[in-house]
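Okay, structure first, notes after.
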Amino acid sequence: MREKRTKEKILQAAEELFFLKGYDATGIREIAAKAGVNSSMISYYFGGKRGLYRYLLTTHLGDMLEKVMALPDEDELDFIKSFITVHIGTLRKRGKRLAVLLIRELTAESDIGREVFDRYLRRIGEKVIGVLNRAKGKGLLKSLDTELLFAFLVHTDALFAVRFAELDFEEAVNTAFQLFWSGAGIC
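Per full-length UniProt numbering, residue 1 is the first one in the sequence shown, and the count goes up by one each step.
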């Protein structure tokens with residue numbers, strides 16, 4: 001129990017400092033001091049600063065990947081709404097800081113950002129884009145680039161998960177779906 005608390009304190013301190021200062025400007029000693037632990041605990045639990053940062057970015061992405069890959073995709077509209085539900089739920093679970101850190105790493109094209117993209121986001125994107133292509137082939141979507149639609153969908157979800165966090169979860173999901181569908185759908 002104490003071990004779990006120590007690990008969580010490190011994660012909370014690191015998330016706050018990485019969010020405020022960035023990866024490069026944040027030191028292990030600073031994280032440890034904020035968490036109230038010995039700096040050796042960071043190496044013990046995470047293998048160092050890089051391992052801690054990687055863990056912070058990927059903890060919930062593994063769960064999201066599993067959930068998205070398990071979604072039934074026979075009905076394209078149901079799949080899109082289910083994807084929005086999983087995506088917004090994952091981002092809300094971890095909060096604004098995780099979304100900002102992920103976007104920061106992905107846009108900076110850092111090693112960790114590429115690793116996160118290759119290990120998690122590429123597979124999610126391939127599944128969602130595949131479903132969007134099928135929907136387009138059936139005439140359910142306008143003739144738009146499905147990769148751009150996926151990017152729009154992901155960023156819209158992030159907005160509703162983080163920026164409009166005061167919205168009820170169901171309202172956020174429904175509004176994001178309606179916004180996507182009113183712009184991309186034929187119906």
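Using N, Cα and C, we set each Cβ at its ideal position, and we do this for glycine too. Remember, predicted model here, so these are calculated numbers, not experimental data.
By the Cβ rule, the region 20-39 does not count as touching the region 82-91, because fewer than three pairs are nearer than 8 Å.
Every alpha helix (DSSP H) stretch that sits fully inside the region 9-49 and reaches 4 residues is listed by chain position as 28-35, 40-46. About 6 Å separates the beta carbon of Leu-56 from that of Ala-14, a gap short enough to meet the 8 Å contact definition. In the three-state reduction of the DSSP assignment, Leu-141 falls in the strand class, which pools E and B. Contact annotation: Leu-102 and Phe-18 have beta-carbon atoms that are not nearer than 8 Å. When only Cα atoms are considered, Gly-27 and Lys-138 end up about 53 Å apart. In the three-state scheme derived from DSSP, where H, G and I count as helix and E and B as strand, Gly-130 is classed as helix. Under the three-state reduction of DSSP output, Gly-95 falls in the coil class, being neither helix nor strand.
Between Phe-169 and Ile-80, the alpha-carbon positions lie close to 16 Å from each other. Bounds of any alpha helix (DSSP H) do not take in Arg-163, whose DSSP letter is neither H nor E. If you draw a 10 Å sphere on the C-beta of Met-69, you find fewer than 16 other C-beta atoms in it, and that means exposed. Here the alpha carbon of Arg-119 sits roughly 12 Å from the alpha carbon of Glu-66.
Annotation for Thr-146: Ile-129, Leu-132, Asn-133, Lys-136 place their beta carbon closer than 7 Å to its own, counting only its chain and skipping 5 residues before and after.
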